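See structure below.
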Amino acid sequence: MKALWLVSFRPIGKSKINDLFQSVFVDSIKNLDFDITFSLTQFDESNVQKFIQEKKLKSFYNNIPKKNLPEGKKYSNKLMLDNALNQFISKGDFQYLIFSTADIIVPNNLFKSLSEIRLDEFCALVYPNTMVINGKIKDTFWPHYGIDLIVFKISKEKAAEFQKISKTYNQYDWGVIENFYIAISEALNLKKVNLFKKLSVIKFENKFSEFEEDRSWQIKSWKENQKYFLNFLEHNSLSKLYATGSYYYLLFKIFNFRDLNFSLGLTYVIFYGYNLPKKIINKLKYFFKNLF
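What follows is the structure, encoded as structure tokens:
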């Protein structure tokens with residue numbers, strides 16, 4: 004069996020810590036006993052081609068100049084996906100299409116766990132991640148935001164349907180990515196499987212400041228992508244809560260009793276029993292403060 008791995012790298016040589024994260028990510032994939040080809044779409048990021056040559060990665064490499072993007076935009080996950088789907092359909096006999104960020108450690112039992120799923124087609128993911136912040140592992144059960152490893156086991160016919168449906172989607176820079184992938188799995192009628200009790204995905208916290216990407220930039224980018232995403236949801240008769248319900252809706256959509264263990268159950272209890280009431284109270288405080 005073969006896998007096409009959809010990912011993009013940050014510039015190499017600009018941040019030592021981010022270079023390290025990306026190198027560790029690549030090494031964790033190379034240690035997997037599986038036939039993997041990378042689908043790499045870059046946007047003029049410096050030294051990436053040299054990096055993948057030094058790492059001896061089997062890949063489809065494409066560079067889209069930033070000048071071809073809307074003004075001020077750095078990259079597009081939608082354009083990355085377009086390339087990956089074209090490659091999946093026409094350039095090899097792939098069974099898995101995998102999306103991930105490049106700041107994680109991929110568990111070495113990934114494909115063993117995937118092989119144990121008794122379905123011909125599915126969408127598998129790992130939530131929550133095991134977060135590493137400032138070199139320290141945070142509580143594995145705490146509901147961090149972010150789904151950074153999503154696996155589609157699909158046929159070429161299903162990939163063609165994926166391609167057709169995603170034509171109404173657009174995205175630039177940061178945000179809405181996992182919301183889209185969970186929504187598209189519903190549009191494709193794929194069962195969602197959370198492999199958290201079998202896999203541990205270690206996620207490194209990025210130093211966004213070294214790439215001029217602060218929280219205000221993220222919020223602005225998310226809101227812009229939300230508009231594109233709402234259009235996609237409406238066009239495909241999917242719930243707008245994918246775009247407006249935050250992770251409260253995403254976690255609801257991926258919930259399955261069979262996927263639960265103690266830690267994942269605790270994650271849901273904290274998210275809905277603590278985080279949600281806290282968020283509602285804060286919104287009410289803000290409302291009444293501005294009312295008077």
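Read in order, the letters of the sequence shown are residues 4 to 295 in the working numbering. Each residue gets a CB set at the ideal place from its N, CA and C atoms; glycine is no exception. These figures come from a predicted structure and were not determined experimentally.
- D38 sits in a strand when the DSSP states are folded into three classes.
- Between F232 and N182, the gap from beta carbon to beta carbon is short of 8 angstroms.
- In this structure, the CA atom of L128 is about 29 angstroms from the CA atom of E57.
- In chain order, S103 and A105 place their CB closer than 6 angstroms to the CB of V10, counting only its own chain and leaving out the 5 sequence neighbours on each side.
- Under the DSSP assignment, M4 falls outside any alpha helix (DSSP H); it carries neither an H nor an E label.
- Taking C-alpha positions only, L23 is separated from L253 by approximately 31 angstroms.
- Taking the CA atoms as reference points, R13 sits about 14 angstroms from Y64.
- The shortest CA-to-CA distance from L202 to any of L263, K19 and A163 is the one to L263.
- In the DSSP assignment, N197 falls within the beta strand (DSSP E) that extends over K195 to N197.
- For the pair of segments examined, the segment 107 to 115 was found to touch the segment 24 to 40: the number of CB pairs separated by less than 8 angstroms reaches three.
- The beta carbon of Y250 is closer than 8 angstroms to those of P146, Y148 and F274 in its chain, skipping five residues each way along the sequence.
- Less than 8 angstroms divides the Cβ of W8 from the Cβ of I39.
- Closest option to L60, judged by alpha-carbon separation, among D30, R218, V179 and K256: D30.
- Contact between Q98 and K156 holds, with the beta-carbon distance rounding to 6 angstroms and staying under 8 angstroms.
- Here E227 is buried: its Cβ has 16 or more other Cβ atoms, across all protein chains shown, within 10 Å.
- In the DSSP assignment, no residue is bridged to A87.
- In the three-state reduction of the DSSP assignment, I140 falls in the strand class.
- Secondary structure in the segment 161 to 197: the beta strand (DSSP E) runs of 3 residues or longer, each lying completely within the stretch, are 195 to 197 in chain order.
- In this structure, DSSP gives I15 a state outside helix and strand, which the three-state scheme calls coil.
- Residue environment: T44 is assigned as buried (16 or more neighbouring CB atoms within 10 Å of its CB, all protein chains considered).
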